[in-house]
Amino acid sequence: MNVYISINYVLLAVVFTFLFVEGMSAISFMYDRKSLPVVKKYLDPIWGIVGTFVVFFVVNAEVLYPSIMPAIDYLYVFPILLATLLFIGRNLFLVFSEYIWKGSRFSQLALARIYSLITFIIIILLLSIFISIISGVGANPSLTGFSAAVFLSNPYVFGFIIGTLLIAFGLSFVFYKIEKMKFLSPMATVTGLLLFILSIRGLGLNTNYVTYLLAVAIALVSILYYVTGRTRREVIFIAAFLSVLSVNFLNYAKVFGTKSLYSYLNNSAVSSASILVTLIGGTLLTAMLLFFFYMYKLPDKENGGDNYSEENDNGEKIGIANLYIIPNNNKVNGKERKKGKDGKR
Amino acid sequence: MVNLVLFDAGLMGYSLAVHILLVTVGMTLPIIMSIAEFVSIKYKINVYDILAKRLANALIIFFAVGTASGVVVAIELFVLWPKFISVLGQVGILPLYMEIFAFFTEAIFLGIYIYFWNKFKSRIKHWLLSVFIAIGAVMSGVFITMINAFMNTPNGFNIPYYLSTGKIIDVTPFAVLNTPTTWIEIGHVIGSTIFAGAAFFLAYFAYKLLKTKGVEREYYKKAAKIAAAIAIISIILTVIIGIESITNLMVYQPEKFAALEMNFNSGPHVAEVIGGFLVNNKTVDSINIPGLMSFLATGSFNGIISSNDSLAAYAKSTWPPITVVHNTFDVMVGLGILIGVLLVIFLIIWLLNVRKIRDRFESNKFFKKLLSKKMFSDPFDNPLVLKALIIIGVLAAFLLEDGWVTDEVGRQPWILYNVMTVSAAANTSPSVVPVGIAIIAFYVVVLPATILFVRKVMKKRDLNNELEARP
Chain A
2 MNVYISINYV
12 LLAVVFTFLF
22 VEGMSAISFM
32 YDRKSLPVVK
42 KYLDPIWGIV
52 GTFVVFFVVN
62 AEVLYPSIMP
72 AIDYLYVFPI
82 LLATLLFIGR
92 NLFLVFSEYI
102 WKGSRFSQLA
112 LARIYSLITF
122 IIIILLLSIF
132 ISIISGVGAN
142 PSLTGFSAAV
152 FLSNPYVFGF
162 IIGTLLIAFG
172 LSFVFYKIEK
182 MKFLSPMATV
192 TGLLLFILSI
202 RGLGLNTNYV
212 TYLLAVAIAL
222 VSILYYVTGR
232 TRREVIFIAA
242 FLSVLSVNFL
252 NYAKVFGTKS
262 LYSYLNNSAV
272 SSASILVTLI
282 GGTLLTAMLL
292 FFFYMYKLPD
302 KENGGDNYSE
312 ENDNGEKIGI
322 ANLYIIPNNN
332 KVNGKERKKG
342 KDGKR
Chain B
44 MVNLVLFDAG
54 LMGYSLAVHI
64 LLVTVGMTLP
74 IIMSIAEFVS
84 IKYKINVYDI
94 LAKRLANALI
104 IFFAVGTASG
114 VVVAIELFVL
124 WPKFISVLGQ
134 VGILPLYMEI
144 FAFFTEAIFL
154 GIYIYFWNKF
164 KSRIKHWLLS
174 VFIAIGAVMS
184 GVFITMINAF
194 MNTPNGFNIP
204 YYLSTGKIID
214 VTPFAVLNTP
224 TTWIEIGHVI
234 GSTIFAGAAF
244 FLAYFAYKLL
254 KTKGVEREYY
264 KKAAKIAAAI
274 AIISIILTVI
284 IGIESITNLM
294 VYQPEKFAAL
304 EMNFNSGPHV
314 AEVIGGFLVN
324 NKTVDSINIP
334 GLMSFLATGS
344 FNGIISSNDS
354 LAAYAKSTWP
364 PITVVHNTFD
374 VMVGLGILIG
384 VLLVIFLIIW
394 LLNVRKIRDR
404 FESNKFFKKL
414 LSKKMFSDPF
424 DNPLVLKALI
434 IIGVLAAFLL
444 EDGWVTDEVG
454 RQPWILYNVM
464 TVSAAANTSP
474 SVVPVGIAII
484 AFYVVVLPAT
494 ILFVRKVMKK
504 RDLNNELEAR
514 P
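Chains as they are written, first to last, in my numbering: chain A, 2 to 346; chain B, 44 to 514.
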């Protein structure tokens, strides 16, 4: 087992875990309008970090396998650039939904739903690129061209993507404690898992008992939530992380279906230097993330810890940043104060 | 049929042109915000606290767009220039890798700074976060500039061997952190970026000073003073480092130097060519100042300019577009120095309005009479000065773009100076075209939309009310 490839796989698992959870957020905005404050409370502080992790993975891959880049660039230039373009939209609509003022033509929910739509497309694009890179579906043998027709006519590709999205839908109930038609949670999760496993096998990827154990564990999370109403978010993070990791390690160093990542590894000088940078940077990053989560869990000093209790959330509040650092402007300040007798400005 | 090399270069250039405007804001805003919060804590002046909070709101919105735009540029670098990125990956990728951690520092601390503001019992600890945000933003710029320095003066591998065989050997990955141009470039790029950002904000605050009254005006005055101080310090440093970077160019990128100067001469007493065009290899419509280039380069009007610093020493096929880069260079130098001088005058007038200094001068009859003239009144209350600051803000944006064009077009036709041409590195897949057009169109909408949104968000929050409500 190669240390550089393993580090890259761990990073990929972190990226897809965050993206998977973001997918759940996007689904919740679409599915249940009441989920808005709960989801935004999770999403608002973390969206910037998720984006950075995606870039981290891309640059890490470039550091470790620079000679694979020309092939990837030629094969996937269209979906990569499209996903990048949509990424601007994702950030923009998320932050717009956070800061949108009362009385605006666009509601917070409408903007959040546009964000959801964009996020869905990004996730579908990234899943497609991932599955094509690992399985080789759609790429020609000389790695100079990509056939969308071949890719789209493969039913297992659809199975893989739909399966993943169904799991995300099922687990979104658990992650955000959504009550609306809760029975759909285990149904979607189990169907999604079956579709997912069937598809990765159909795509010629390896599975073993670890795959099935993880699938059972994920299904149990969903079923237990349906039955008892109890859950912990950390479980979903860990399950998603281990699942992505297991797919990668069970198909170790496999790229474009038949090729090996070993043949693309960088020279030893850059690889060794990158390990040093990864160790120093990774330590700093871990410390910063621990600090972030410590602050996330810490109760608010001015509100006696009430700010983060989900019971206190309501759709009228506009974004966490507004709650914390700006006094209730919309209620007592500015334009609201200048209203005429008929309530019009 | 679209020329795909030109399309790639145009797309990359366009994206970078937009991105650097966002970077100026992203780099300067945390500095202003940090200073404001520090002053509010140290001197217990609540207005600065309100300033820091409002700037934090603007920062998170600009950060959202800036990060996304940064990702676009990074991904474009990867997909539009696959052969270049392959060489970069095998030799000089470490700064890009390190930049990720700087980026994380900014993103994580910004999240904590804004979303968990009220969770901090110690204000000074909260303020420290803003310092890390500023460091993260500046270091991102530092690392990216290292990559640009590597493109200008590549090192860290056996270049002659690569040119003859196409294979990379003798790699020293950390050499890229210290190319002959790295530190000069960093000083010039970071200085000019912070200057441009500070000038934007100064222009905005000056505009507000012209439009507001009372307590609100005092607020903008305090904000303008912070932005002005940053702008003045950074422009002085930028000009000084800029002069040094021209000397550096003569030594390490002589062909680029010759192109920027539109110089065909060597030997003693070489004239400085200002403006003009290149027609049939001859300079026309320019102002030539005899001996000035020799003087600027050597300190003597009879100093010798080496033949390497003349375009005559190079094949025409490796010249960049001479007329373009020569004029953008002249505009950059001229405008930079002009703004620098204006801001130094502004600083002198500002200092003369500091009570202690003014009292000392006014004890002299001559100075008392002189200082009573309107031009020596408080520059933040002088409408003429405020209007000039708005113009400087606009010029700063132009200056930044102009300087960047000079650097990048001046390196043409090379993507990696004397190692790899732009056309050899480009991705010639036709799939680039539709998404490229979409990116261009998207940027056209995104930037104005963001500015309008920030403006509206700020407008919706009644500043007067916040200021009146302060303890």
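For glycine and all other residues, C-beta sits at the position ideal for the given N, C-alpha and C. These numbers come from a predicted model, not from an experiment.
| Check | Outcome |
| --- | --- |
| Cβ-Cβ distance between B:L438 and B:I482 below 8 Å | no |
| 8 Å contact criterion, which A:A169 and A:F79 should meet: CB distance rounded | Contact doesn't hold; Cβ gap of about 25 Å is too wide. |
| Per-residue burial, A:Y116 [other beta carbons within 10 Å of its own, 16 or more giving buried] | buried |
| Coarse secondary structure for A:F147, derived from DSSP in three states | strand |
| Supposed contact pair A:V51 and A:F19 - C-beta distance, whole angstroms, cut 8 Å | 4 Å |
| Closest by C-alpha distance to A:K103, when choosing among B:K499, B:S337, B:K254 and B:R260 | B:K499 |
| Under the three-state DSSP convention, the category B:P363 falls into | coil |
| Chain B within 8 Å of A:F348, Cβ atoms only | Missing from the structure shown is residue 348 of chain A; chain A here goes from 2 to 346 and no further. |
| C-alpha gap between B:G109 and B:I187, whole angstroms | 15 Å |
| Cα-Cα separation, A:N141 to A:L12 | 27 Å |
| Unbroken stretches of the beta strand (DSSP E), 3 residues or longer, contained in the segment 313-389 of chain B | 315-317, 320-322, 325-327 and 330-332 |
| Per-residue DSSP class, three states only, for B:A469 | coil |
| Own chain partners of A:L112 with C-beta closer than 7 Å, once the 5 adjacent residues on each side are dropped | F94, F97, S98 and I101 |
| Touch test, the segment 223-239 of chain B against the segment 267-280 of chain B, Cβ-Cβ under 8 Å, three pairs minimum | yes |
| 9 Å Cβ cut-off: residues of chain A touching B:I118 | V56, V59, I81, L82, A84, T85 and F88 |
| Through-space distance from A:S173 to A:S26, alpha-carbon basis | 7 Å |
| A:W48: first and last residue of the uninterrupted beta strand (DSSP E) it sits in | Note, A:W48: premise wrong, no beta strand (DSSP E); alpha helix (DSSP H) at L37 to L65. |
| Supposed contact pair B:P363 and B:R454 - C-beta distance, whole angstroms, cut 8 Å | 7 Å |
| Limits of the beta strand (DSSP E) - the one that B:I458 falls within | W457 to L459 |
| Span of the alpha helix (DSSP H) around B:W160 | Premise fails: B:W160 is in no alpha helix (DSSP H) and is neither H nor E. |
| Own chain residues within Cβ distance below 7 Å of B:A267, not counting five before or after | L245, F248, A249, L252 and F423 |
| Where A:T284 falls: helix, strand or coil (DSSP) | helix |
| 8 Å contact criterion, which B:G199 and B:V134 should meet: CB distance rounded | 5 Å |
| contact_flag[the segment 77-89 of chain B, the segment 143-155 of chain B] where n(CB pairs < 8 Å) is 3 or more | no |
| Simplified DSSP state of A:S186, which is helix, strand or coil | helix |
| Cutoff 8 Å: B:I155 Cβ touching any chain A Cβ | yes |
| Identity of the residues DSSP links to B:M463 by a beta bridge | B:L459 |
| Helix, strand or coil at B:K411 according to DSSP, with G and I counted as helix | helix |
| Residue(s) in a DSSP beta bridge with A:A140 | A:F147 |
| In DSSP terms, what A:G164 is bridged to | A:G164 pairs with nothing; no bridge assigned. |
| Neighbour flag for B:A107 against chain E, beta carbons, 8 Å | The structure shown contains no chain E; the protein chains it does contain are A and B. |
| A:L153 versus B:L459: straight-line alpha-carbon distance, rounded | 39 Å |
| Inter-stretch contact at 8 Å, needing at least 3 Cβ pairs: the segment 176-195 of chain B / the segment 63-73 of chain B | yes |
| CB of A:A149 within 8 Å of CB of A:G164, strictly | no |
| Distance between B:I283 and B:T224 (C-alpha atoms, nearest Å) | 15 Å |
| Proximity of B:T281 and B:G379 at Cβ, strictly below 8 Å | yes |
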